[in-house]
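Just below is one structure, and these are the notes that go with it.
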Amino acid sequence: MSSEDLEKYETEMELQLYREYRDIVGQFSYVVETERRFYLANAVDVQVRNSEGEVYFEVRMSDAWVWDMYRPARFVKNVRVITFKDVNVEELDKPELRLPESGPFNET
Numbered sequence: 004m005s006s007e008d009l010e011k012y013e014t015e016m017e018l019q020l021y022r023e024y025r026d027i028v029g030q031f032s033y034v035v036e037t038e039r040r041f042y043l044a045n046a047v048d049v050q051v052r053n054s055e056g057e058v059y060f061e062v063r064m065s066d067a068w069v070w071d072m073y074r075p076a077r078f079v080k081n082v083r084v085i086t087f088k089d090v091n092v093e094e095l096d097k098p099e100l101r102l103p104e105s106g107p108f109n110e111t
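Have a look at this one:
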């Protein structure tokens, strides 16, 4: 495979991965970014650990999706990540529940 073919393949895979992300992001509550990967998850627990003076983070996620174009199975039940770098956890905005403008829930 030439470098041009490899570059084209990676570009196509990134686009496919982005489309998958766009379609599923609404199913998750958190975005988690570590030094190596990007995750979507519905439950996240971050623990700061200290071993012999070295600080690291243990991140446990459940019901997760892993952003990795080389990984065939991106949906996982549980993930455990150990990292010595910062971890970024953000709660995703969920659209607010809105009642229909007309109907039995609104007085007219």
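Its first residue numbered 4, the sequence shown is counted upward by one per residue in this note's numbering.
Think of the CB as a built atom: it goes at the ideal place given N, C-alpha and C, for glycine as much as any other residue.
Owing to the predicted nature of the structure, the values given are computational and were not obtained by experimental measurement.
Applying the 10 Å Cβ sphere with the 16-neighbour rule, what's the burial state of residue i?
| i | result |
| --- | --- |
| Ala67 | buried |
| Ala76 | exposed |
| Met64 | buried |
| Lys44 | It is worth fixing the name first, because residue 44 is Ala in this sequence and not Lys. Classification of Ala44: buried, given that the 10 Å Cβ count is 16 or more. |
For residue i, which beta-bridge partners are listed by DSSP?
| i | result |
| --- | --- |
| Met64 | Val47, Val82 |
| Glu36 | Phe41, Asn91 |
| Val58 | Asn53 |
| Val69 | Tyr42 |
Quick one: what does DSSP say residue i is sitting in, helix, strand or coil?
| i | result |
| --- | --- |
| Leu20 | helix |
Does any C-beta atom of chain D lie closer than 7 Å to the C-beta of residue i?
| i | result |
| --- | --- |
| Ile27 | Absent here is chain D; the protein component of the structure consists of one chain. |
Would you call the stretch 36 to 44 in contact with the stretch 84 to 92, where contact means no fewer than 3 C-beta pairs closer than 8 Å?
Taking a cut-off of 8 Å on C-beta distances, the stretch 36 to 44 touches the stretch 84 to 92, as three or more cross pairs fall below it.
Take every Cβ of the stretch 68 to 76, pair it with every Cβ of the stretch 89 to 96, and state whether three or more of those distances are shorter than 8 Å.
The stretch 68 to 76 and the stretch 89 to 96 do not touch, with fewer than 3 CB-CB distances between them shorter than 8 Å.
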